[in-house]
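Take a look at the structure below.
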Amino acid sequence: RIYNFANGGRTSPYMAEILGSEMKLHDLGLFTSKDIILLDHSVNDGMGYCSINLQNELLNGLESLIRRIFHYSTPGSWPTIILLEQWPYTDKYVDITKRP
23 RIYNFANGGR TSPYMAEILG SEMKLHDLGL FTSKDIILLD HSVNDGMGYC SINLQNELLN
83 GLESLIRRIF HYSTPGSWPT IILLEQWPYT DKYVDITKRP
């Protein structure tokens, strides 16, 4: 099964808060070692344009989200988490149809 919780504008701190309700909404049980979770908050959590305080808040939010994923996992059967990241100064959306 594949579930996509991606939504424009959702940051890691926000997802950490709503993960449980999203899982209930989609009738998900606990994550297991058979699950692969992709986290791509490279644009919404882009730190190149943020103050130091906001950078710390976003980093703490990402850590909270990862901890929350493990909280909603079967003990001893942790999912694989793949964190997608990019250099923050290049985290703009690109229309690939207009690239050479």
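Per the numbering used here, the very first residue in the sequence shown carries number 23; after that it's consecutive. We treat Cβ as the ideally placed atom computed from N, Cα and C, and that holds for glycine. In this text, all values refer to a predicted model and were calculated from it rather than measured experimentally.
{"Asked": "Give the list of continuous beta strand (DSSP E) stretches no shorter than 3 residues that lie fully inside the region 36-64.", "Found": "58-62"}
{"Asked": "Below 7 Å CB to CB, which residues in the same chain sit around LEU106 once its five sequence neighbours on both sides are set aside?", "Found": "LEU60, LEU61, ASP62, SER64"}
{"Asked": "With distances taken between CB atoms, is the gap from PHE27 to GLU44 smaller than 9 Å?", "Found": "yes"}
{"Asked": "List the whole-angstrom C-beta distance separating LEU87 from LEU41, where the pair is believed to meet the contact cut-off of C-beta under 8 Å.", "Found": "7 Å"}
{"Asked": "Determine the burial state of ILE58: buried for a count of at least 16 other Cβ atoms within 10 Å of its Cβ, exposed for fewer.", "Found": "exposed"}
{"Asked": "Just to confirm, is the Cβ distance from PRO97 to LYS56 under 9 Å?", "Found": "no"}
{"Asked": "Taking the straight line between their C-alpha atoms, what separation do you get for GLY30 and THR54?", "Found": "27 Å"}
{"Asked": "I'd like to know whether the C-beta atoms of TYR25 and LEU52 end up nearer to each other than 9 Å.", "Found": "no"}
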